[in-house]
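Line by line, the protein sequences are chains G and D.
Numbers 157 to 1066, taken from my numbering, label the letters of the first sequence in order.
Numbers 24 to 246, taken from my numbering, label the letters of the second sequence in order.
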Amino acid sequence: MKCNFYILRKYWMAHKGKAFTLLFSIILMTAMLSAVLLLERSDVRRELHRHYDLDGCYDNEFLNVQEDQISAFTENDLVEEWGLLYLFGKVGTGTVYYNLGGFDAEAAKLAHYPLTEGRMPENPGEIALTEQLRNALCLGAAVGDRVMIPIYDQGCEWLGEKEYTLVGVIDGENRNSFLDAETNIYSEPQAVVSYEEAKQYSNGSYNVLLTLKGDGLFSLLPADDPRTEIYAAYYASLPENTMAPAGRQSALQAMSGSMYQLETGENVPTSTKTKMLQIVSSFAAVVAMISLFSGISVVMQKRKGSFQILHRIGFSVRRLQGMLCMEGIVFLLIGLVCGLLVGVLFYEIVFGLQVHLLGMSDYRGYFVEWIVKKKTVDPWTIPALAAAVTTVAAYMIPILQLKRSLSASGNKMKKHRKAARYLSQAMSRILSQRSVECLQTVSLVCVMIAAMIGYLYCTFQQKDMQELHQIGAIYNSDMVEESYVVNGVFDLKELGLDCELSSHAGKEFSYMARAQTAGLSDASLREMAENGAEEIYGYSSPFHLLFYTNGEEDPLNKMALDATYAERFETEETIAAVPCVLLSDALMQQLAEAVGETLPEGIIYISASEESPVGTRTMLCAKTDELGLYPAETEEKEVEFAGHIQVRSEALGGYPILQYALSSAEQTAEQGSPTARGKIAVMSGSYAASMGFYQQTYDEVLLSMGETTTEEALTAMLAATLPAESMMHITSRFMIHEKYIKASINAYTTIAFLFVLLLCIHIVGYCNVWKLKLQTRSDRIAILRSMGLSRRKLQMHLSLQTLKIPVISTAVAAVFVVVFQKFMAHQYDTYQAMYDLAYADGWSPELFGKADQFAQTFLLDAGLWMPSWELPLTLLAVVVCGFSIVSVLILLRQQTSGEIITAIKKEEWS
Amino acid sequence: MSSVVAAKDLCKTYGTGENAVNALRDCSVQFEEKQFTAIIGTSGSGKSTLLHLLGGLDTASSGEVCYQEKNILSMKDTELSAFRRTHIGFVFQFFDLIPELTAKENILLPSMIDSKKPDMERFSQLTEKLGIAGRLTHYPSELSGGQQQRVAIARALIQKPQVLLCDEPTGNLDSASSQEVLSLLHQMQKEEGQTIIMVTHDPDIAAQADRVVRIEDGRVIQQ
């Protein structure tokens, strides 16, 4: 043993360069792979936390808990973590109110509010507001500014104004509980002060946020699972309190299909992005293993002579094999320890760049949530295992060959029968190690394929809106172009608009209880025009005009368009609703131009067709003196008005105001829709107000400030004109762009970083192999030099040799991409056919589920595999060729910098 | 006879400071055209260093190596490589054949390097004369030491060099093979008219040369 160590030590001391290169291979491979996997973990964590942003990361939130009840919730054995939210009042505009409270440190963590800037309040006098509330109360206020906040008690009674320092802005757009804040009893506070300050107010109430042990599996367990009983007992032991939806579980579900699927190992859907990360990481593992294997193989090839000598002087084959095993283990152990440390270093560098340069969230990959662990591979054991397997494989081959090679008579060269007619062929033979070259080619093919898949993923364009809508469930908003990132409807940039204002605040999705004060009136629109807005389009999203039938006369002898609307809607007398919108003057004008006649103001024109008393009524332009069903006698009329209006037609120069297209009676009949699809009534906001209609304001306003406007000018105009009670949600093209950039960074940069690391692994591995090749062939090169081969000519020939692998790899990758795209196009068509089938005879959930599953399996996000790939592949090939040539020439320069005779005389140990 | 190659005040020092070893000290010597010169000396006397400097395989600390007044040590790599290709042939003690190439390919390698169509007539003549015509498709590992050295000589002579530099060409051969190789070198020198400079430590072999240059401690002490 001692002798073995001594010999090995002597050998490697004499070949320090090679020892370093070999060790470097193991270190680098382990390091790169662990860095790649840590980055992947970080990204999956980011995805999980984006889900947490929607609903928090607690399992249960118990509302209105009294102080003496808290322990009943928190001292239960099943509770893992818990925190308190103290709600003590409301912040509002006089018509709309939002909860005001303070989280303790644990609850703040569990609530997981998404912040667009700043932080959550920690000290008295600090406040954090949702973006929408900030815009309503103090538009333009920045983090650090002093703001006046109107405060009400929990019964909406005025308490007074208080000055706070704005320390954080909460991203309300990504929080589910904020969407229906006014009526939702579970509403989380949109204005948050420090817990210490909140506790100063009496008459507040606590919400208890908690997570349960057992990874929150309880609510998703099947009925026959034994744990179900345990949790049932847990709930039975709690006081009766309302329970809010569990945020963590919805996040975990979004990440993994369902907990039960995850635990039972059933097919777990993974997001396209995570799949992409997994694909690139897998390629990285293959490339790293190839690099390491090639490096060790090259060194081992050259050591056969040394083994022969040792064998001749009395080393048995078994002893030699043992010695090699020992050597492999020593290298592996040193390489692994150093590799993992260097991996952490690489990861920290890239992670630092992501966080500080690109503004990505700070979620490190070391200690991660169990769901992230489930969805990613371990960044420590997998690289270690891959390095160990590769090293063992690379050592096993010479170990197993040892007996055969030592018993053979000398080290015979493999015969090459083809005459070396040209120097390049001779060079190729001198430098050739076929197995290593094949592996290097496979490695580069992996790099190129990973690059192409990544490129296709990152650059796809949706085929059209229709297909995006069809894809529905698997449609990932991070991955579509800018216009759809935020609201999914308007492309402000393309339409030349600067801003969209929508009154989501305080509005339920149902049209039954719409707030009359939300939205902007004609007066506000005029004020905006006076303050510099060049184009303003206001409209309300469709509400409904009601009809009464069953032979009974309308009790009010008119349409239910006033305050009785909601009440009457709920009666059984109501049989159908026709959508109606309010249009601002500019849109009325456009509509009139589209129709080609002056729209009569002040009168609503309605008719119904006899054949289909329910659901196929058609709006007509027929004059009547009063509101109500017209005509009193059923009368069929030609549909003229609807027949030629394409409201979404931009060709007419009109603005695409509505999502409902008007259609003729025939078209409507063909559609057979049970709702009022295909019909719509229009009126101006001012007319609606004069009639005392239920809806009097425009809850959607789009405006343009002119071509040269800035974000600051837009904010100033809005601050000057937006009434607080309008509670308009502001979406400017500047904000969209910023969010688009952020979404793109989130979606693509990790993949890009992984690819760069992958490329680095390949290039370093490639250089390593060439370095070892040149080291082990230095005597041959020196002989050629002694015969008059100039350094320049040698460089030229080596460059040619170097290009062989990139050229072959590029060709293979090109063939792969062509086949891949054809395959994916075929799968996409299949998916479309499955989808059509699901809707062919009514909606079939089963067929739809199958289509959806199929789409998820093949990552068919809107035909994303279709972009042209020729240019990027060519560019990549050029880069790889360039890198290869430059690196090999540098290595050659190092190798041939000494005297020729030194290299000739430099004897191997053999 | 005129001098074809001359070393002028050649110095070669390996290492620096206290570890410095002076392999050659102001060594000046001339070699006549078509003459067979043997350089002898004890081990470490600097004879091989001198030969390598004469072939431009090593760089001198100072001094010149002139081929018909052209100092090859001042040439740039491309120029020196071309000069070596056309004017100088090398035969080494350990043959230094490329193991991946056959005997034929090894012999034709200088022509390939020179991007010239190989002179197959000369190739045939050389291989016939050297007695390796029947072993051309063999790899170096399949040849005996004597045969390998003949291949090395053929490789050195294929380009018809003016000067043939031999670094202990018989050092790795038995006495019979050594004698064969020596006879062949003499024969080639007579027939082809090359200037041969051979380093050896064997006085018997040196005695067969036209002229003997003795080197001791990096200096030419006897010509």
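All residues carry an ideal CB built from backbone N, CA and C; glycine is no exception.
Source: prediction; values computed, not measured.
What residue range is occupied by the uninterrupted beta strand (DSSP E) comprising residue i?
i	result
D/Val235	234–239
D/Pro133	It is not in any beta strand (DSSP E) - D/Pro133 instead sits in the alpha helix (DSSP H) that spans 126–136.
D/Val44	44–55
G/Arg302	302–308
G/Tyr208	Looking at the DSSP string, G/Tyr208 is not in any beta strand (DSSP E); the run it does join, the alpha helix (DSSP H), is 172–211.
G/Leu858	856–860
Taking all protein chains shown into account, decide if residue i is buried (16 or more other Cβ within 10 angstroms of its Cβ) or exposed.
i	result
D/Arg158	buried
G/Arg933	buried
G/Arg573	In this predicted model, G/Arg573 has a pLDDT of only 36, less than 50, meaning its place in the structure is not dependable; the value taken from the coordinates is given anyway. Exposed is the call here.
D/Pro133	buried
D/Lys70	buried
D/Tyr37	exposed
G/Val323	buried
D/Pro226	exposed
G/Phe909	buried
G/Lys929	buried
D/Met221	buried
D/Cys50	buried
G/Arg197	buried
G/Arg773	Here G/Arg773 scores only 31 on pLDDT, less than 50, and its place in the model should not be relied on; the value that follows carries that caveat. Looking at its Cβ environment, which holds 16 or more other Cβ atoms inside 10 Å, G/Arg773 is buried.
G/Asp211	buried
Taking just the CA atoms, how far does residue j sit from residue i?
i	j	result
G/Met552	G/Phe449	11 Å
D/Ser26	D/Tyr162	38 Å
G/Gly688	G/Leu676	17 Å
D/Ile95	D/Val236	22 Å
G/Ser658	G/Leu878	12 Å
G/Asp227	G/Gln356	Sequence inspection shows Ser at residue 227 of chain G; the Asp mentioned does not correspond to that position. So the alpha carbons of these two residues sit roughly 21 Å apart.
G/Cys655	G/Asp855	14 Å
G/Ala490	G/Glu525	Sequence check: residue 490 of chain G is Ile here, not Ala. Spanning the two alpha carbons is a distance of roughly 30 Å.
G/Asp215	G/Phe502	36 Å
D/Gly168	D/Asp190	15 Å
G/Ile485	G/Arg936	32 Å
G/Val1035	G/Cys602	16 Å
G/Thr887	G/Gln288	10 Å
G/Ala549	G/Met456	12 Å
G/Asp233	G/Leu366	12 Å
D/Glu215	D/Ile136	22 Å
G/Arg275	G/Glu223	28 Å
Alpha helix (DSSP H) containing residue i: first to last residue?
i	result
D/Gly112	Here D/Gly112 belongs to no alpha helix (DSSP H); instead the beta strand (DSSP E) covers 111–114.
D/Val174	168–180
D/Ala230	226–230
D/Asp32	First-last for D/Asp32: 26–37, but that is the beta strand (DSSP E), not the alpha helix (DSSP H).
G/Tyr503	473–508
State yes or no: is the beta carbon of residue i nearer than 8 Å to at least one beta carbon in chain A?
i	result
D/Thr101	Judged by its chain identifiers, the structure shown contains no chain A, and its protein chains are G and D.
- Query: Between the region 112–131 of chain D and the region 175–185 of chain D, are three or more C-beta pairs nearer than 8 Å?
  - Reply: The region 112–131 of chain D is in contact with the region 175–185 of chain D.
- Sufficient close CB pairs (3 or more, under 8 Å) joining the region 516–525 of chain G to the region 196–210 of chain G: Touching, yes.
- Message: Closer than 8 Å is the cut-off here; do at least three beta carbon pairs connect the region 603–612 of chain G with the region 886–898 of chain G?
- Response: By the Cβ criterion, the region 603–612 of chain G is not in contact with the region 886–898 of chain G, since fewer than three pairs of Cβ atoms, one from each stretch, lie closer than 8 Å.
- Task: Spell out a yes or no on whether the region 915–934 of chain G and the region 70–81 of chain D are touching, meaning 3 or more CB-CB pairs, one atom from each, closer than 8 Å.
- Result: Three or more beta-carbon pairs separated by less than 8 Å are not found between the region 915–934 of chain G and the region 70–81 of chain D, which leaves the two stretches without contact.
- Message: Using a Cβ distance threshold of 8 Å, determine whether the region 946–953 of chain G contacts the region 968–979 of chain G, with at least three qualifying pairs required.
- Response: Result no; under three Cβ-Cβ pairs closer than 8 Å.
- Message: I'd like the ranges of any beta strand (DSSP E) spanning at least 3 consecutive residues and lying wholly in the region 242–308 of chain G.
- Response: Fully enclosed beta strand (DSSP E) runs of 3 or longer: 253–259, 271–274, 282–286, 302–308.
- Message: As an exercise, report each continuous beta strand (DSSP E) stretch of at least 3 residues that is fully enclosed by the region 872–926 of chain G, in chain order.
- Response: As for any beta strand (DSSP E) of minimum length 3 sitting wholly inside the region 872–926 of chain G, the runs are 885–888, ordered along the chain.
- Task: Let me know the alpha helix (DSSP H) ranges lying completely inside the region 963–1040 of chain G, each 4 residues or longer, listed in chain order.
- Result: DSSP runs (the alpha helix (DSSP H)) wholly in the region 963–1040 of chain G: 1001–1013.
- Query: Looking at C-beta atoms only, is the number of pairs between the region 439–447 of chain G and the region 592–602 of chain G that lie closer than 8 Å three or more?
  - Reply: Judged by Cβ distances under 8 Å, the region 439–447 of chain G makes contact with the region 592–602 of chain G, as three or more pairs qualify.
- Message: For the region 345–356 of chain G against the region 217–231 of chain G, do three or more pairs of beta-carbon atoms, one drawn from each stretch, fall closer than 8 Å, so that the two count as touching?
- Response: No: the two stretches stay apart, fewer than three of their Cβ pairs being nearer than 8 Å.
- Item | Stretch-stretch touch, CB-based, cutoff 8 Å, three pairs: the region 867–874 of chain G with the region 294–308 of chain G | Yes, the region 867–874 of chain G touches the region 294–308 of chain G.
- Contact between the region 989–1004 of chain G and the region 1025–1043 of chain G (3+ Cβ pairs under 8 Å): The region 989–1004 of chain G and the region 1025–1043 of chain G do not touch, with fewer than 3 CB-CB distances between them shorter than 8 Å.
- Meets three-Cβ-pair contact criterion under 8 Å: the region 178–197 of chain G and the region 941–948 of chain G: With a cut-off of 8 Å, the region 941–948 of chain G and the region 178–197 of chain G do not count as touching, because too few Cβ pairs lie within range.
- Task: Mind the definition here: the region 52–64 of chain D touches the region 1038–1050 of chain G only if three or more C-beta pairs lie below 8 Å; say whether that holds.
- Result: By the Cβ rule, the region 52–64 of chain D does not count as touching the region 1038–1050 of chain G, because fewer than three pairs are nearer than 8 Å.
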